[in-house]
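K.L.:
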Amino acid sequence: MKTVAVVGAGMAGLAAACALQAAGITTVVFEKSRGVGGRAATRRIGDCCFDHGAQYVKAPSTALQDLIAATGDAVQIQRPVWTFTAANQIGPGDLAYGNEQKWTWPAGITRLAKYLANGLDVRLATTVASVHAAGDRYRLTAADESDLGHFDAVLLTAPAPQSAAILAAGDLAPANTALIAALHSVQYRRSISITAAFPHRPAVPWYALVNTDRHHPISWLACEHDKPGRAPDGVGLLIAQMSNGWATAHWEDLQKGTFAPDDPIPPPINEALAMIRVLAGDLGAPLWVNVQRWRYALPDTATPLTTMDRIVVAGDMVAGQGRVHLAIEDGWRAADQIRGWLG
Numbered sequence: 308m309k310t311v312a313v314v315g316a317g318m319a320g321l322a323a324a325c326a327l328q329a330a331g332i333t334t335v336v337f338e339k340s341r342g343v344g345g346r347a348a349t350r351r352i353g354d355c356c357f358d359h360g361a362q363y364v365k366a367p368s369t370a371l372q373d374l375i376a377a378t379g380d381a382v383q384i385q386r387p388v389w390t391f392t393a394a395n396q397i398g399p400g401d402l403a404y405g406n407e408q409k410w411t412w413p414a415g416i417t418r419l420a421k422y423l424a425n426g427l428d429v430r431l432a433t434t435v436a437s438v439h440a441a442g443d444r445y446r447l448t449a450a451d452e453s454d455l456g457h458f459d460a461v462l463l464t465a466p467a468p469q470s471a472a473i474l475a476a477g478d479l480a481p482a483n484t485a486l487i488a489a490l491h492s493v494q495y496r497r498s499i500s501i502t503a504a505f506p507h508r509p510a511v512p513w514y515a516l517v518n519t520d521r522h523h524p525i526s527w528l529a530c531e532h533d534k535p536g537r538a539p540d541g542v543g544l545l546i547a548q549m550s551n552g553w554a555t556a557h558w559e560d561l562q563k564g565t566f567a568p569d570d571p572i573p574p575p576i577n578e579a580l581a582m583i584r585v586l587a588g589d590l591g592a593p594l595w596v597n598v599q600r601w602r603y604a605l606p607d608t609a610t611p612l613t614t615m616d617r618i619v620v621a622g623d624m625v626a627g628q629g630r631v632h633l634a635i636e637d638g639w640r641a642a643d644q645i646r647g648w649l650g
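If you use this note's numbering, the sequence shown corresponds to residues 308 to 650, in order.
Here's what the structure looks like:
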């Protein structure tokens, strides 16, 4: 029986693992965190549920449409995405883009990740540190140097710097200098997601705003309460995803966490809340504010990656865009490649 190790339980890794398992190939997924989905992440605070990483899923292909339908409870976000500029000028922008289908789930975008993970051998809280040659197979080791098993092929789907470190730490590095260098060359934009619940909802015609000139400190502002089941009636639940420049400037000032009304609010958060008010109106004092940092939020450019014998790298860095559907499609591509290798 052929076996494959998948490093990373983000959307690319889970999609690949599902495809491999469906082909009869034993697959083990290793994930360093305590949950699946990567940036397709959902958080719950009180009666509010919000996606503070990826915001929704596109389905431009039949395969993606079939996957989303198979979950059984996907819903579309009805209102459009509009645009705004550094001068806070808001408008409909590209109508085709603004009105394209946007899929989500009442329980959060992590519902898709959990659907894919169902039935897979996913080992959470397990950090893969290195890959070593072991005859005609590969041996994976953990951060504590324990043996994680032997595999016929390995798929790396962690962010590029982490995948590079795994390859560089093992005895395969001399034969993979080009791949390691390519992974190190991948540039990511950071982001900080600031989610706030308000006593009122904005009276606006849009679900979300995207900054098109990339000169505003906010890259994306969304009404999370537009998604079914996300907030109590009347509560405004807004997510601001801050630009790379703003996130980098305030990275060390802001740690992840939730601030209640009586907690002291760090000045950068007050700055972001003021910008939200300019775009969405005065919604009252926040009921709470949550901060989540994303070091590897968005790859800057597409990066063609070479592969070595039965080791492949997949993820949104290949397409150069941080989009859930692109990560899934690249996971499927990698699974096809591995199936070809293993016959």
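Think of the CB as a built atom: it goes at the ideal place given N, C-alpha and C, for glycine as much as any other residue.
Using the three-state DSSP reduction, which class does Val335 fall into: helix, strand or coil?
P.N.:
One-based indexing of the sequence shown puts residue 335 at position 28. Val335: strand per DSSP, three-state reduction.
K.L.:
Thinking just about the alpha-carbon of each residue, which of Val625, Val631, Gly320, Val620 is nearest to the one in Ala472?
P.N.:
Taking the first residue of the sequence shown as position 1, residue 472 is located at position 165. Answer by Cα proximity: Val620.
K.L.:
Taking C-beta to C-beta, are Gly543 and Leu605 nearer than 8 Å?
P.N.:
For the purposes of this step, residue 543 is identified with residue 236 of the sequence shown, where counting begins at 1. For the purposes of this step, residue 605 is identified with residue 298 of the sequence shown, where counting begins at 1. Not a contact, by the Cβ cut-off of 8 Å.
K.L.:
Alpha carbon to alpha carbon, how far is Met615 from Arg444? Give it in angstroms, no decimals.
P.N.:
Residue 444 sits at position 137 when you count from the first residue of the sequence shown. Residue 615 sits at position 308 when you count from the first residue of the sequence shown. Distance between the alpha carbons of Arg444 and Met615 is about 13 Å.
K.L.:
Is His439 helix, strand or coil by DSSP?
P.N.:
Residue mapping note: residue 439 aligns to position 132 of the sequence shown, counting from 1. Strand, per DSSP.
K.L.:
Please state the DSSP three-state secondary structure of Asn577.
P.N.:
Your numbering for residue 577 matches position 270 in the sequence shown. Three-state result, Asn577: helix.
K.L.:
Sorted by chain position, which residues of the same chain lie with C-beta nearer than 6 Å to Val631's C-beta, five sequence neighbours on each side aside?
P.N.:
Along the sequence shown, one-based indexing puts residue 631 at 324. Closer than 6 Å at Cβ, skipping near neighbours: Met318, Ala347, Ala361, Val364.
K.L.:
Could you tell me the alpha carbon to alpha carbon distance between Arg351 and Gly398, rounded to whole angstroms?
P.N.:
Position 44 of the sequence shown, counted from the start, is the residue given in the question as residue 351. Position 91 of the sequence shown, counted from the start, is the residue given in the question as residue 398. Taking the straight line from one Cα to the other gives about 31 Å.
K.L.:
Skipping 5 residues on each side, what residues in its chain have a beta carbon closer than 6 Å to that of Leu528?
P.N.:
Position 221 of the sequence shown, counted from the start, is the residue given in the question as residue 528. Cβ neighbours of Leu528 beyond the five flanking positions: Leu516, Ala547, Leu586.
K.L.:
Would Ile618 pass as a contact of Val435 if the rule is Cβ separation under 8 Å?
P.N.:
In the sequence shown, counting from the first residue as 1, residue 618 sits at position 311. In the sequence shown, counting from the first residue as 1, residue 435 sits at position 128. It is not a contact, given that the beta carbons lie outside the stated cut-off.
K.L.:
Is His557 buried or exposed, if buried means 16 or more other CB atoms sit within 10 Å of its CB?
P.N.:
Walking along the sequence shown from the start, residue 557 turns up at place 250. Under this definition His557 is a buried residue.
K.L.:
Given that a residue counts as buried once 16 or more other Cβ atoms are within 10 Å of its Cβ, and exposed if not, what is Leu402?
P.N.:
In the sequence shown, counting from the first residue as 1, residue 402 sits at position 95. With fewer than 16 Cβ atoms within 10 Å of its Cβ, Leu402 is classed as exposed.
K.L.:
Sorted by chain position, which residues of the same chain lie with C-beta nearer than 7 Å to Pro535's C-beta, five sequence neighbours on each side aside?
P.N.:
In the sequence shown, residue 535 corresponds to position 228, counting from 1. Excluding positions up to five away in sequence, the list reads Val382, Pro413.
K.L.:
Going by beta-carbon coordinates alone, are Thr464 and Val311 separated by less than 8 Å?
P.N.:
Position 157 of the sequence shown, counting from 1, holds the residue named residue 464. Position 4 of the sequence shown, counting from 1, holds the residue named residue 311. In this structure, Val311 does not lie closer than 8 Å to Thr464 by Cβ.
K.L.:
When we look at the beta-carbon of Lys563 and count the other beta-carbons within 10 Å, is it buried (16 or more) or exposed?
P.N.:
Translated into positions along the sequence shown, residue 563 becomes position 256. Exposed is the call here.
K.L.:
Where do the ends of the alpha helix (DSSP H) carrying His491 lie?
P.N.:
Reading the sequence shown from its first residue, position 184 is the one you call residue 491. That run of the alpha helix (DSSP H) goes 484 to 492.
K.L.:
Tell me which residue opens and which closes the beta strand (DSSP E) that Ile525 is part of.
P.N.:
Mapped onto the sequence shown, residue 525 falls at position 218. Per DSSP, Ile525 belongs to the beta strand (DSSP E) from 525 to 530.
K.L.:
Keeping to the same chain, check which residues put their C-beta closer than 6 Å to that of Thr433; ignore five residues upstream and five downstream.
P.N.:
In the sequence shown, counting from the first residue as 1, residue 433 sits at position 126. Correct list, in chain order: Phe337.
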